[in-house]
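In my numbering, the protein residues as written are 1 to 96.
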């Protein structure tokens with residue numbers, strides 16, 4: 001299973017090549033953190049809603065895991081998806 005999900009993560013990251021989203025190191029998880037500071041200065045909750053409403057890509061704001069009011073410009077994306085889903089999501093993120 002480890003190789004399977006590492007392959008999914010690596011595929012997702014390769015598909016994101018050329019986007020303004022910057023991947024952060026993530027290990028032992030089905031989620032990839034992406035820094036969006038080069039894309040927008042919106043709060044993470046606002047950015048997540050924009051991606052969902054405008055591009056149909058779901059993400060999780062990292063502020064939902066924090067106790068402080070200010071969260072970094074980082075969103076969490078699940079890569080435990082079908083390859084076709086990862087391809088569509090990455091295409092939409094590259095165009096954002």
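Positions of the beta carbon are idealized from the N, C-alpha and C atoms, including for glycine.
So residue i packs on residue j, CB below 8 angstroms; how close in whole Å?
i: residue 75; j: residue 36; result: 6 angstroms
i: residue 79; j: residue 9; result: 5 angstroms
i: residue 15; j: residue 71; result: With 8 angstroms as the limit, residue 15 and residue 71 do not qualify as a contact, their Cβ atoms being about 25 angstroms apart.
i: residue 34; j: residue 22; result: 7 angstroms
i: residue 32; j: residue 42; result: With 8 angstroms as the limit, residue 32 and residue 42 do not qualify as a contact, their Cβ atoms being about 19 angstroms apart.
i: residue 86; j: residue 11; result: 6 angstroms
i: residue 94; j: residue 55; result: Contact flag wrong, Cβ pair sits at about 10 angstroms.
i: residue 77; j: residue 39; result: Not really, about 13 angstroms apart at Cβ, beyond 8 angstroms.
How is residue i classed by DSSP in three states: helix, strand or coil?
i: residue 4; result: helix
Report the partner residues of residue i according to the DSSP bridge assignment.
i: residue 76; result: 33 and 60
Check: Is the region 2-12 in contact with the region 55-68, if contact means three or more CB pairs nearer than 8 angstroms?
Finding: The region 2-12, when compared against the region 55-68, does not touch it at the 8 angstroms Cβ threshold.
Notebook entry, point to check: In chain order, which beta strand (DSSP E) runs of at least 3 residues are fully inside the region 13-73?
Noted result: Within the region 13-73, the runs of beta strand (DSSP E) at least 3 residues long that lie entirely inside it are, in chain order, 31-35.
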